[in-house]
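Residue numbers (our numbering): 893 to 1434.
All residues carry an ideal CB built from backbone N, CA and C; glycine is no exception.
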């Protein structure tokens, strides 16, 4: 894959792939790869003026890749932030022993001025709309002449926007409205937050259910311990209602965080919680001692990253009764996701919850199906979201994704038209210049009864078959044979389109590399995905 660029649609060169090197290549490997390509592309190796000109272009590209990867400082910048880092003005090049983490920090510091300008103009809107639906009459026995009612029992709307003053100070204005059974109320709050050394301070002023003032703060005490707390006073009905909270959080290990929270208010509680999260799993357990209830809860999330899916399971047991919940969250675009869950409990009954998240906006629809655990309600609550998902996916999401993908491909092609044209020209030129090297390597491999690439094609598959789509593939037999060394071909995990003699014949599409070869007079064939690594002959330990 090409290294990311300033724009999502601007492609950059992958120096590692061009030199056919792994990202952890040693200095010796880099030198050897440079010498190998130099023997093919050095202008002095060619007499014909046209060939000499083509060789000079490819040699300059080879030299550019070598100069970056052979310099530890430039390589660290390139590894961290790509070619855009190399183009950034102001690097303190005298400090050539910086770690990759320090390199990234310095890059971010150099980009700070531009970020501050954006920060001054930006807001960060957040909000959610919750609509509670009462549909309990659907699963309650009723007279044949009676039509079950489905009604909205309550609704709440909350919204907030941020107004960054500078990199340390932020103002946030938020508010919410709530309506239930014909009665409603609302409030708003203004928060001012300042980042201080290893922590933050916040002042809150609000109104709605009487004036409210509060102060909060947090601080990092060590690399594993943080603490935050605050107090507020609500002036309502001629009296003052105070509230105090404090949380101590401790990093128990790389994936686990423990916390203790004390909340003193009209509904006081003490909560002990442990959160553990890894790449594929997440656990949360908590024990709450409070008024009016004491309960123990546990939640488990299975992360299926390849499918952009999360399966969630929750159980609660306490003085209120018990509650069990199971559901799934599916990412449907870069900024959007859908969540559906079924909740079973006593005395709550059966509830179906839908949640749609778009950026920082949430739309939540809890639907109360029955006041008791009724099998029919559980069945329909489980099946309905699945059927709805397949319907929405087939009729709305899949067409939208296809349209978006095609638009992105066309945008990328337009943004990189000149570079792609140059890449095709360079690939054709490279194949011409490789001809003598190709013939020499084929002769050497034939003499040792070694690895000979009989046919290699690179491009897009036709549907799910192994056939390549017409006009969407290129012949790469010659450049692939030139990568064979002493009977072995090694390709690393990256897009093959950046290899010498290759180019992308179908940008934005999934591609494969199909290789037919002989080794020790045995014919073989292999198909690999564009980003896969491979070593031929198969089973070789070289």
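Between the beta-carbon of residue 1077 and that of residue 1102 there is about 11 Å, and that puts the pair past the 8 Å contact cut. Counting only runs of 3 or more residues that sit fully inside the region 1046 to 1102, the beta strand (DSSP E) segments are 1061 to 1072, 1075 to 1088 and 1091 to 1099, in chain order. In this structure, the beta-carbon distance from residue 1184 to residue 1159 falls below 9 Å. For residue 1221, the enclosing beta strand (DSSP E) stretches over residues 1213 to 1223.
For residue 1246, the three-state secondary structure derived from DSSP is strand. Here DSSP, grouped into helix, strand and coil, assigns residue 1018 to strand. Per DSSP, reduced to three states, the secondary structure at residue 1170 is coil, with no helix or strand assignment. Residue 1243 is positioned such that its CB atom lies no closer than 9 Å to that of residue 1268. The closest CA to that of residue 1179, considering only 1191, 1171, 1169 and 1165, is found on 1165.
Annotated three-state conformation of residue 1430 is coil, per DSSP. Pairing residue 1066 with residue 1050 gives a Cβ-Cβ distance under 9 Å. Closest in alpha carbon position to residue 1232, among 1210, 1251 and 1259, is 1259.
DSSP places residue 1202 in the strand class (E or B) of the three-state scheme. Per DSSP, reduced to three states, the secondary structure at residue 1042 is coil, with no helix or strand assignment. Shown here, residue 1026 sits in a strand according to DSSP, grouped into three states. Closest by C-alpha distance to residue 1255, out of 1270, 1261, 1113 and 1229, is 1229.
In the DSSP assignment, residue 1385 falls outside any beta strand (DSSP E) and carries neither an H nor an E.
Contact fails between the region 932 to 945 and the region 1289 to 1307, because fewer than three Cβ pairs, one in each stretch, are under 8 Å apart.
In the DSSP assignment, the residues bridged to residue 1414 are 1411. Taken through DSSP and simplified to helix, strand or coil, residue 1255 comes out as strand. Nearest Cα to residue 1247 within the set 1239, 1021 and 944: 1021.
Take residue 1239, set aside five residues on each side of it, and the residues of its chain with a beta-carbon closer than 7 Å to its own are 1213, in chain order. In this structure residue 1235 does not touch residue 906 by the C-beta definition: roughly 48 Å separates them, more than the 8 Å allowed. Membership of residue 1154 in the beta strand (DSSP E) is indicated by the continuous run 1148 to 1156. Listed in chain order, the non-local C-beta contacts of residue 1112 below 7 Å within the same chain comprise 1090, 1091 and 1118, local neighbours out to five positions each way being set aside. Residue 975 counts as buried, since at least 16 other C-beta atoms from the protein chains shown sit within 10 angstroms of its C-beta.
By the criterion of at least three beta-carbon pairs nearer than 8 Å, the region 940 to 947 is in contact with the region 1319 to 1334. Residue pairing for residue 909: DSSP places it in no beta bridge. Around residue 1172, the same chain offers 1195 as residues with beta carbons nearer than 6 Å, after the five sequence neighbours per side are excluded.
Of the residues assessed, residue 1097 falls on the exposed side of the cut-off, its CB having fewer than 16 other CB atoms within 10 angstroms. Inter-residue distance for residue 915 and residue 908 is about 6 Å (C-alpha atoms, whole angstroms). Under DSSP, residue 1122 takes part in a beta bridge, and its partners are 1108 and 1137. Along the length of the region 919 to 955, whole alpha helix (DSSP H) runs at least 4 residues long occupy 919 to 933, reported in chain order. If you draw a straight line from the Cα of residue 1163 to the Cα of residue 1109, it is about 19 Å long.
Following the DSSP letters along the chain, one finds residue 1323 inside the alpha helix (DSSP H) bounded by residues 1309 to 1325. Under DSSP, residue 1132 takes part in a beta bridge, and its partners are 1127.
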